[in-house]
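Remarks on the structure that follows.
Numbering (full-length UniProt numbering), first residue to last: 1 to 247.
Quick look at the structure:
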């Protein structure tokens, strides 16, 4: 199993400077990449993730490294940070971490809808059990104006209006049911316009859909409101983001 490796791991550990008996909350556990060095320092870590697959993988990885004694895996979304903290910890934290976005395994997985090459799904829910809205729902039922708002306001896609129109035209011919099909529609739009792009043309649309489906910006705002209230006066809250809307 190839685990996701955090990009800014060294910086995170340097800023936290973890010590034995300290308590940390990893609000985006993923594959445990940040949590493992915290545990190795002798700290206690509560690791939260909305994705059940991540929880299973991280817990196994940490157990295999004989680091599970001070590790507490928690299932849930950080939008409920206050209640999760109160129920499971209820003491000031030495550090709190948010690493926003997807792991490589989530991006590349089939049947989740995150991948441009997913032939089977356009889902994009991090927690399918408790979430109902999918990217497929949005793409096939949203109005032109709603699609325009999602594409333009969240990911600043410069062709938001004509892309929304093209998607509606295509879905009227046949429902769009996979990440691969949606990516093909977006790529063909760029190709027809003879517009080059430094990244895959589908990137911004997929990002906007994922953020919308999982209510990521609102959830982050809710979590940040409570963060400083549950961290010690000299503790640290670290937020890693690669999207301007999360800044």
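For every residue, glycine included, the Cβ atom is placed at its ideal position computed from N, Cα and C.
- Membership of residue 40 in the alpha helix (DSSP H) is indicated by the continuous run 35 to 40.
- Under the three-pair Cβ rule at 8 Å, the stretch 140 to 156 does not count as touching the stretch 191 to 199.
- The alpha carbon of residue 128 has as its nearest neighbour, out of 241, 51, 239, 182, the alpha carbon of 51.
- Look at residue 59 here: in three-state DSSP terms it is helix.
- For the set 240, 213, 93, the Cα lying nearest the Cα of residue 234 is the one of 93.
- Residue 202 places its beta carbon 7 Å or farther from that of residue 120.
- Under the Cβ criterion (8 Å, minimum of three pairs), the stretch 168 to 179 does not count as touching the stretch 216 to 225.
- For residue 242 and residue 8, the gap between their C-alpha atoms comes out near 12 Å.
- Between the stretch 208 to 222 and the stretch 70 to 85 there are three or more C-beta pairs closer than 8 Å, enough to call the two in contact.
- Nearest in C-alpha terms to residue 177, of all of 211, 2, 100, 137, is 137.
- Among the bridge pairs identified by DSSP, residue 75 is matched with 49.
- Nearest Cα to residue 17 within the set 68, 96, 73, 56: 96.
- Where residue 99 is concerned, the enclosing beta strand (DSSP E) starts and stops at 93 to 99.
- Under the three-state reduction of DSSP, residue 240 is assigned to strand.
- Taking the CA atoms as reference points, residue 83 sits about 38 Å from residue 182.
- In the DSSP assignment, residue 213 falls within the alpha helix (DSSP H) that extends over 203 to 213.
- The DSSP-derived three-state label of residue 162 is helix.
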